[in-house]
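Engineer:
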Amino acid sequence: MNRRLFVHAGATAALALFLPLAIAQSAGAKRQGIVIQVSDNDPAKWNLALNNAKNLQDDVGAANVEIEIVAYGPGIGMLKLESPTGSRITDAAKAGVRISACENTMRAQKLSKDDMLAGISYVPAGVTEIMKKQHEGWAYLRP
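Numbered by numbering that gives the first Met the number 0, the letters in the sequence shown go through residues 0 to 142 in order.
This is how it looks when you write it as structure tokens:
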């Protein structure tokens, strides 16, 4: 009888020690992040990047991943109002994908926010944004 109580007490103590740790680890788990670079003014490249983002959300669950597509250089062209991929970009933004335009590129191309699609975000420098995300542990993809 004493042996059974001893085993039960040991199991209870172990549970009391490790359960809070397991809960804390699962509660503190952060979503994974991926930053996708698009620096080509090519609808096929944009569609590939958008497909990658959608497939990733479908595969791991949109709630489990943060996705940011960063456009700079010639890639900024697909974020303009008349973009052939505009509707897909808008749909991706509505699905939780952050689409970021490089303000350095916009200045160089004399573009204002009025020239751009609604629902996109802006970063001071596209390359710097990618570097920051990688430093924070985000995965990097250039389709």
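Ideal Cβ placement from N, Cα and C applies to all residues, glycine included.
CB-CB under 8 Å to Leu55, same chain, minus the five flanking residues each way: which ones, in chain order?
Structural biologist: The residues are Ile33, Val64, Ile66.
Engineer: Would you call the CB atoms of Tyr121 and Ile129 closer than 9 Å?
Structural biologist: For Tyr121 and Ile129, no; Cβs fall outside 9 Å.
Engineer: Compare the C-alpha of Pro42 against each of Ala52, Lys112, Ser82, Asp58 and name the closest.
Structural biologist: Ranking the options by Cα distance to Pro42, first place goes to Ser82.
Engineer: By the 10 Å Cβ neighbour count, where 16 or more other Cβ atoms means buried, how is Ala52 classified, buried or exposed?
Structural biologist: Burial call: buried.
Engineer: Using CA atoms only, rank isn't needed, just tell me which of Ala61, Arg30, Gln31, Tyr71 is closest to Arg141.
Structural biologist: Per the Cα distances, Tyr71.
Engineer: In the DSSP assignment, the beta strand (DSSP E) including Arg97 goes from what residue to what residue?
Structural biologist: That run of the beta strand (DSSP E) goes 97 to 101.
Engineer: Quick test of your reading: Gly74 and Asn40, contact by CB under 8 Å. State the CB separation rounded to the nearest angstrom.
Structural biologist: Indeed, because the Cβ distance is near 6 Å, the residues count as touching under 8 Å.
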